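Protein sequences, first through last, are from chains S and V. When the first sequence is numbered by numbering that gives the first Met the number 0, its final residue is 164 and no position is left out of the sequence of numbers. When the second sequence is numbered by numbering that gives the first Met the number 0, its final residue is 306 and no position is left out of the sequence of numbers.
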Amino acid sequence: MNPENKNRFEPKIIAFVCTWCTYAGADLAGTSRMQYPANVRVIKFPCTGRIDPVFIIKAFQQGADGILISGCHPGDCHYIAGNYHARRRFAAFRKLLEFIGVDLNRIQFSWVSAAEGGKWVDVVTDLTERVRNMGPMVEFKELALEEQWSGGLDSPDLQQVYEAI
Amino acid sequence: MTQTINTSGYSAITDSIRNEARRILGDGTVSAVIGYTSSRREGSTQPTVITKSEDADKLLFTAACLNNLVVYLTKAKKDVPHEGRIGIIVKGCDLKALVGLLGESQLKRENLYLIGIPCNGVLGSLFNPSAELNSETIAPKCRECTDRIPAGCDFMPDVETVGLPELNPFYSSEIARLEALTPVERWEYWKEQFSKCIKCYACRQVCPFCFCEQCLCDRNRPQMVEQTPRPSGNLAWHLVRAMHLAGRCAGCAECERVCPMDIPLNLLNRKMAKELKEMYNSEAGFEVREKGPLTSFDEHDDQSFIR
């Protein structure tokens, strides 16, 4: 691959953020005119506790190269304990993704408060650059392109049966 | 080397559960008993619900009694009558599932009469239901079973079963084998496994914990999980399933038994159970847990992966 093409890859980062802290933090970064990569697409949720692991799978299937999940610092949850529940859920989900062979470097979790515009910029920039160096996330996309049930349709037994018809 | 497993206690267990079922149905303790009865093929068994004490002799327990009967108590199985107290025959693994449902307020203990089986292992499949129970034919879940004697039942046959010989564990060694692979190899392995899936949802129907009246995966608006049996939707379904069972699954391995495509479903469940036990020291057992590991939290949980 020539370096020119390599530079042309722009990762798609989906950020699932909680409305009370990280969204406000990202807003602060914006109003403070801080620069951060435009690769990030922010999706606002009421709370990190609302973020279902299936959203992450869905995002990867729809073409995300990296995923950021960010919410309030422990103890600051607007709904008292949503982020504590999310912390356990995503700790478990990470293990599951790791077990089926997804590279965990593509998923970043962070706590960004409404006052931490600078941290938001750092987190987004780091993740974007990391994913940019890793290249596109192809596993889920390839899977989505596989139209056929691939359970050995071309096995010798089936072929034999087919020819016998 | 094939080791034979002693199932000589099973006929005494059969006699004992018949007597007990006759007694509790006769004196009105329960309105029905859910148990196993013989099926059409020689040696095979099927679940049954008996409501009359004279039917008690239909009940039996053999190494071919594979089903987890607890699924018939859940609200997903509305066609099973739920009036009065229900007697149910449970093996150790089944009881763990039942206890999980008690913890999730799906069942009330006072509405149940538990007949525990001091189980010595069951067959891996009913392909040959009359097969001798040995280290080859035994179900994988039984190879590493540590809870073969149910605790806290209302009745347990007074039969000594000798216990299993030392068998090579199946799931823990398989998990260790997969963990040692590279991520790419693991992805290839699971891609291969999941692409076999035909989305028959037998794993969901048989699972005692899949009692939602509307499954997330059946919803169309928004459609979170593709419903056709294509590889990407299959992967999503199995990940969602593993996630929804994480911290709840009791390891009865019914999902794996009923899978027509032989996908190692319980492997995912055991992996999640292992991780949650390591992280939060919580696992399915005979004690009712008020909250599972993923429905509770500790302020000092590990957050080294969070920035």
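Yeah, the Cβ is synthetic: ideal placement off N, Cα and C, and Gly gets one too. From a predicted model like this one, the values you see are computed outputs, not experimental measurements.
Does residue i have its Cβ less than 9 Å from a Cβ in chain S?
| i | result |
| --- | --- |
| V:VAL70 | no |
| V:VAL158 | no |
| V:SER43 | no |
| V:PHE304 | yes |
| V:TYR188 | yes |
| V:ALA241 | yes |
| V:ARG142 | no |
| V:MET229 | The residue you asked about is not Met; residue 229 of chain V is Arg in the sequence shown. At least one chain S Cβ lies under 9 Å of V:ARG229. |
| V:ARG185 | yes |
| V:SER172 | no |
| V:THR294 | yes |
| V:LEU329 | This structure cannot settle anything about residue 329 of chain V, because the visible part of chain V is limited to 0 through 306. |
| V:GLU298 | yes |
| V:PRO168 | no |
| V:VAL257 | no |
At a Cβ threshold of 9 Å, is residue i touching chain V?
| i | result |
| --- | --- |
| S:GLU97 | yes |
| S:LEU168 | Absent from the model: residue 168 of chain S. The displayed extent of chain S is 0 to 164, so no value can be given. |
| S:SER109 | yes |
| S:PRO135 | no |
| S:GLY65 | no |
| S:VAL39 | no |
| S:LEU157 | no |
| S:ASP51 | yes |
| S:ALA58 | no |
| S:GLN91 | Inspection of the sequence shows that residue 91 of chain S is occupied by Ala rather than by Gln. Yes, S:ALA91 counts as interfacial toward chain V. |
| S:PRO36 | no |
| S:GLU145 | yes |
| S:GLY24 | no |
| S:ALA80 | yes |
Specify the secondary structure class of residue i as computed by DSSP and reduced to three states.
| i | result |
| --- | --- |
| V:THR36 | strand |
| S:SER109 | strand |
| V:GLN45 | strand |
| V:LEU106 | coil |
| V:GLY8 | helix |
| S:ASN82 | helix |
| V:ARG306 | coil |
| S:HIS123 | The sequence given here has Val at residue 123 of chain S, not His. Note: S:VAL123 maps to helix in three-state DSSP. |
| V:THR294 | coil |
| S:VAL130 | helix |
| S:PHE54 | helix |
| V:GLY115 | strand |
| S:GLY24 | helix |
| V:PHE154 | strand |
| V:ARG63 | Checking the sequence, you will find Ala at residue 63 of chain V rather than Arg. In this structure, V:ALA63 counts as coil in the three-state DSSP scheme. |
| V:LEU125 | coil |
| S:TYR35 | coil |
| V:GLU286 | coil |
| S:PRO230 | No answer is possible for residue 230 of chain S: the residues shown for chain S start at 0 and end at 164. |
| V:ASP261 | coil |
Run the CB neighbour count on residue i, radius 10 Å, all protein chains shown included, and call it buried at 16 or more, exposed below.
| i | result |
| --- | --- |
| V:LYS140 | buried |
| V:LYS190 | buried |
| S:MET0 | Per-residue confidence for S:MET0 stands at a pLDDT of 49, beneath the threshold of 50, marking its modelled position as unreliable; no derived number is given. |
| S:PHE139 | buried |
| S:ASN122 | Per the sequence shown, residue 122 of chain S should be read as Val rather than Asn. So S:VAL122 counts as buried. |
| V:SER10 | exposed |
| V:ASP93 | buried |
| V:LYS107 | exposed |
| S:ASP64 | buried |
| S:PHE98 | buried |
| S:TYR161 | exposed |
| V:PRO156 | buried |
| V:ARG218 | exposed |
| V:PHE126 | exposed |
Check the DSSP bridge columns for residue i and list the partner residues they point to.
| i | result |
| --- | --- |
| S:VAL16 | S:LYS43 and S:SER69 |
| V:THR3 | V:ASN133 |
| V:LEU58 | V:THR36 |
| V:VAL239 | According to DSSP, V:VAL239 bridges with nothing at all. |
| V:GLY86 | V:VAL32 and V:TYR112 |
Compute the beta-carbon to beta-carbon distance between residue i and residue j, rounded to the nearest angstrom, for a pair I have assumed lies under 8 Å.
| i | j | result |
| --- | --- | --- |
| V:ILE305 | S:SER109 | 6 Å |
| S:THR18 | S:PHE59 | Their Cβ separation, rounded to whole angstroms, is 23 Å, which puts S:THR18 and S:PHE59 out of contact at 8 Å. |
| V:ARG229 | S:GLU145 | 7 Å |
| S:ALA80 | S:LEU27 | With a Cβ gap of about 25 Å, S:ALA80 and S:LEU27 do not count as contacting. |
| V:GLY246 | V:ASN265 | Not quite, the Cβ-Cβ distance comes to about 15 Å (not below 8 Å), so this is no contact. |
| V:PRO87 | V:ILE114 | The amino acid occupying residue 87 of chain V in the given sequence is Ile; Pro does not appear at that position. The Cβ separation is near 7 Å, so the contact holds. |
| V:PRO207 | V:THR73 | 6 Å |
| V:THR6 | V:LEU166 | Between V:LEU166 and V:THR6 the Cβ distance is about 15 Å, and since that is not below 8 Å, they are no contact. |
| V:GLY8 | V:GLU109 | With a Cβ gap of about 30 Å, V:GLY8 and V:GLU109 do not count as contacting. |
Closer than 8 Å, Cβ to Cβ, to anything on chain B: give me those residues from the segment 269–283 of chain V, in chain order. Absence of chain B from the displayed structure is noted, the protein chains being S and V.
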